[in-house]
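In the numbering used here, the protein residues as written are 220 to 680.
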Amino acid sequence: MTSSLPPQPLSPLDGRYRAVVAPLSDHLSEAGLNRARVEVEVEWLIALTDRSLFATAPLADADKERLRALYRDFGQAEIDWLAAREAVTRHDVKAVEYLVRDRLSSLGLDRLAELVHFACTSEDVNSLAYALTVKRAVEEVWLPALREVIGRLDELARAHRDAPMLARTHGQPATPTTMGKELAVFAWRLRRVERQLAASEYLGKFSGATGTWSAHLAADPDVDWPAVARGFVESLGLGFNVLTTQIESHDWQVELYDRARHAGGILHNLATDVWTYISLGYFSQIPVAGATGSSTMPHKINPIRFENAEANLEIAGGLFATLAATLVTSRLQRDLTDSTTQRNIGVAFGHSLLAIDNLRRGLGEIALAQDVLDADLDENWEVLAEAIQTVVRAEITAGRSSITDPYALLKELTRGRRVGAAELAEFIRGLDIGAEARERLLALTPAGYTGLAARLVDPAE
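1. Is there at least one non-hydrogen atom of the ligand ATP closer than 7 Å to the beta-carbon of D311?
2. If you draw a straight line from the C-alpha of Q391 to the C-alpha of E601, how long is it?
3. Find the nearest neighbour of A303 within the set T491, Y317, E645, L264, judged by alpha-carbon distance.
4. Under 8 Å: do the segment 394-409 and the segment 654-669 share three or more Cβ pairs, one atom per stretch?
5. In whole angstroms, give me the CA-to-CA distance for L542 and L301.
6. Report the three-state DSSP secondary structure of Q504 (helix, strand or coil).
7. Where N531 and W361 are concerned, what is the direct C-alpha to C-alpha distance, given to the nearest angstrom?
8. Nearest to H246 by CA position, among A274, G294, S230, P231, is which residue?
9. Using a Cβ distance threshold of 8 Å, determine whether the segment 417-432 contacts the segment 455-468, with at least three qualifying pairs required.
10. Rounding to the nearest angstrom, what Cα-Cα distance links A498 and I523 in this structure?
11. Mind listing, in chain order, the continuous alpha helix (DSSP H) runs of no fewer than 4 residues lying wholly within the segment 428-479?
12. Ignore the nearest five residues each way along the sequence and tell me which others in S621's own chain have a CB closer than 7 Å to its CB.
13. Taking buried to mean at least 16 other C-beta atoms within 10 Å of its own C-beta, is S346 buried or exposed?
14. Considering only residues of the same chain and omitting the five flanking positions on each side of A432, which have a CB-CB separation below 6 Å?
15. With C-beta atoms as the reference, is L372 less than 8 Å away from F405?
16. Report the residue from L643, A479, S558 whose alpha carbon sits nearest the alpha carbon of L628.
17. Considering Cα atoms alone, identify which of I485, A446, A586 is closest to A528.
18. To the nearest angstrom, how far is it from the Cα of E584 to the Cα of E453?
19. Tell me the DSSP bridge mates of I585?
20. For A528, name the three-state secondary structure that DSSP assigns.
21. For a test of the three-state rule: what should DSSP assign to A406, helix, strand or coil?
22. Alpha carbon to alpha carbon, how far is T556 from V447?
23. Closest to Q472 by CA distance: which of I564, S571, G537 is it?
24. How is L385 classed by DSSP in three states: helix, strand or coil?
25. Extract the residue ranges of the alpha helix (DSSP H) inside the segment 240-306, only unbroken runs of 4 or more that lie entirely within it.
26. Using alpha carbons as the reference points, say which of P665, I534, E598, L375 lies closest to P231.
27. In its own chain, which residues sit with a C-beta less than 8 Å from the C-beta of D381, not counting the 5 before and 5 after it?
28. Helix, strand or coil for A393? Go by DSSP, reduced to three states.
29. Do the CB positions of A403 and L675 come within less than 8 Å of each other?
30. Tell me whether the segment 346-356 and the segment 278-293 touch, counting them as touching only if at least three CB pairs, one residue from each stretch, are closer than 8 Å.
31. When you compare the segment 581-597 with the segment 488-503, are there three or more beta-carbon pairs, one atom per stretch, that lie closer than 8 Å?
32. Pick out whichever of L573, N599, K313, T548 has its Cα sitting closest to the Cα of V240.
33. Suppose you measure from the CA of D677 to the CA of L661; what does that come to, to the nearest Å?
34. Compute the Euclidean distance between the alpha carbons of E598 and G618, then round it to the nearest angstrom.
35. For L416, does the three-state DSSP call read helix, strand or coil?
36. Going by the beta-carbon positions, is the gap between F539 and A490 smaller than 8 Å?
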């Protein structure tokens, strides 16, 4: 039996990859969630006193700032305090309530202690805390990283908009395109999903134990509590869900995680395509000083950025799918399946962010090998068969050709075999078509048969 190690991170996100995902932990860690819970408790207390409810008076600005410092200055002391208290309460939100109560005493605001967590169920606080932390993580960390990848793709697409490339459909030589256009396809797809993600709703509820405001009305039946709750939730920059059970229904989270998974699927497609282009020699990899590609083959530069991205996107996609599938359901008015599930939101976004970071760096470490693309095109003149048979069809329709089946004619010449430039030119010269059409076909080359590819790099929105 081996000796026990000192405590170590179990997840690579908190070990090997910590530096990459650290910005997310500021929001999606346990500490980040608790800080947001304190924020909700403090702001609810301020909201109640601002309305002079229960014989209170609005707090002085200085007192409000001192209260807000409880979450703005939230740090290790609060983390340790909550850990010690939760070990006793066995309830994380109750520990947060006790923390705020304790700090009120030190601030000389003991008179307000009973308004901490007033008429709240834990999910009132949690729904807002999760909405705040996920919103900030997505908008401040994850989406900017995704936009960097899109921006890098835009740069590469424009730089290589005129770089002709043999396309491959079903892995076989097909009508040429340009590398820029193919990269622009990914930028276009990602930008569309990014807009959907940027428009995401982040909803919260604040309606008590079963979503009925029963305790609120018992305390003061003359207050329009739904209006108070709406104003409070919206003051935090969140959307208000008026009709809920004990929990906010999490549908906004399901939508968000499905969209994040969709974006990850597109990024996964990008990673595998660029990996394939590297394997074909279309892209060379720029050596990184001091890096080792293989422990035994010194010549190798492995496409590890794209392989790492591929694997982490698969992990993230699986987690996002699980989050969406689990959070859409809650038995009757409440069960706790969402509680442990939501603790993995940061893990899902962490693996996704790690993948995005690898793609960003990988796209900055490749260079187009146009000579390889040109050689590939020059070896596949048969891809012009499409152009020839299409022109012949047009000539037949215009009454300038007596050919009866142009597709069959080209199929007999080209299917399953290589056709060189000279052989194709001889074939074109023998076609029964108009002189102008013949000259147009004779001038065509695989590298020149890219249609509107270059223009499509900047499509109209």
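C-beta atoms are modelled at their ideal positions from N, C-alpha and C, and glycine is treated no differently.
Concretely, from the data shown:
1. This structure lacks the ligand ATP; in fact it carries no ligand of any kind.
2. Here residue 391 corresponds to residue number 172 of the sequence shown, with the count starting at 1. Here residue 601 corresponds to residue number 382 of the sequence shown, with the count starting at 1. Our two residues, Q391 and E601, have alpha carbons roughly 12 Å apart in a direct line.
3. Position 84 of the sequence shown, counted from the first residue, corresponds to residue 303. The shortest C-alpha separation from A303 is found at Y317.
4. yes
5. The residue labelled residue 542 in the question sits at position 323 within the sequence shown. The residue labelled residue 301 in the question sits at position 82 within the sequence shown. Straight-line Cα distance between these residues: approximately 27 Å.
6. Working through the sequence shown from its first residue, we reach residue 504 at position 285. If DSSP states are grouped into helix, strand and coil, Q504 belongs with the strands.
7. Position 312 of the sequence shown, counted from the start, is the residue given in the question as residue 531. Position 142 of the sequence shown, counted from the start, is the residue given in the question as residue 361. Between N531 and W361, the C-alpha separation is close to 15 Å.
8. Looking up residue 246 in the sequence shown gives position 27. Among A274, G294, S230, P231, the Cα nearest to that of H246 is on G294.
9. Yes, the segment 417-432 touches the segment 455-468.
10. Along the sequence shown, one-based indexing puts residue 498 at 279. Along the sequence shown, one-based indexing puts residue 523 at 304. Strictly speaking, residue 498 in this sequence is Ser, with Ala absent from that position. Their backbone Cα atoms lie some 12 Å apart in a straight line.
11. 433-438, 444-454
12. Within the sequence shown, residue 621 is the residue found at index 402, counting from 1. Closer than 7 Å at Cβ, skipping near neighbours: D651.
13. Position 127 of the sequence shown holds residue 346. Buried: at least 16 other Cβ atoms inside 10 Å.
14. Position 213 of the sequence shown, counted from the start, is the residue given in the question as residue 432. Note on residue identity: the sequence assigns Trp, not Ala, to residue 432. Cβ neighbours of W432 beyond the five flanking positions: S426, W444.
15. Within the sequence shown, numbered from 1, the residue matching residue 372 stands at position 153. Within the sequence shown, numbered from 1, the residue matching residue 405 stands at position 186. Yes, the Cβ-Cβ distance between L372 and F405 is below 8 Å.
16. Position 409 of the sequence shown, counted from the start, is the residue given in the question as residue 628. Nearest of L643, A479, S558 to L628, Cα basis: L643.
17. Mapped onto the sequence shown, residue 528 falls at position 309. Comparing alpha carbon positions, the residue from I485, A446, A586 closest to A528 is I485.
18. The sequence position of residue 584 within the sequence shown is 365, counting from 1. The sequence position of residue 453 within the sequence shown is 234, counting from 1. For E584 and E453, the distance between alpha carbons rounds to 44 Å.
19. Sequence index remark: in the sequence shown, residue 585 carries index 366 (1-based). Answer is Q504.
20. Taking the sequence shown and counting its residues from 1, one reaches residue 528 at position 309. If DSSP states are grouped into helix, strand and coil, A528 belongs with the helices.
21. Position 187 of the sequence shown, counting from 1, holds the residue named residue 406. Correct three-state label for A406: helix.
22. Stepping through the sequence shown from its first residue, residue 556 is reached at position 337. Stepping through the sequence shown from its first residue, residue 447 is reached at position 228. About 29 Å.
23. If you number the sequence shown from 1, residue 472 lands on position 253. Residue I564 is the option with its Cα nearest to Q472.
24. Counting from 1 along the sequence shown, the entry for residue 385 is found at position 166. Reduced to three states, the DSSP call for L385 is strand.
25. DSSP runs (the alpha helix (DSSP H)) wholly in the segment 240-306: 249-269, 280-291.
26. Taking the first residue of the sequence shown as 1, we reach residue 231 at position 12. Of P665, I534, E598, L375, the residue nearest in Cα terms is I534.
27. Sequence index remark: in the sequence shown, residue 381 carries index 162 (1-based). Once the five neighbours on either side are set aside, the close Cβ partners of D381 are T397, G399, A673.
28. As a working mapping, residue 393 is identified with position 174 in the sequence shown. A393: strand per DSSP, three-state reduction.
29. Within the sequence shown, residue 403 is the residue found at index 184, counting from 1. Within the sequence shown, residue 675 is the residue found at index 456, counting from 1. Yes, they are a contact pair.
30. no
31. By the Cβ test, the segment 581-597 is in contact with the segment 488-503, since at least three Cβ pairs between them sit closer than 8 Å.
32. Numbered from 1 along the sequence shown, position 21 holds the residue referred to as residue 240. Among L573, N599, K313, T548, the Cα nearest to that of V240 is on L573.
33. Stepping through the sequence shown from its first residue, residue 677 is reached at position 458. Stepping through the sequence shown from its first residue, residue 661 is reached at position 442. Those two C-alpha atoms are separated by around 30 Å.
34. Position 379 of the sequence shown, counted from the first residue, corresponds to residue 598. Position 399 of the sequence shown, counted from the first residue, corresponds to residue 618. The alpha-carbon atoms of E598 and G618 are separated by roughly 34 Å.
35. As a position in the sequence shown, residue 416 is number 197, starting the count at 1. L416 falls in the helix class under three-state DSSP.
36. Taking the sequence shown and counting its residues from 1, one reaches residue 539 at position 320. Taking the sequence shown and counting its residues from 1, one reaches residue 490 at position 271. In this structure, A490 does not lie closer than 8 Å to F539 by Cβ.
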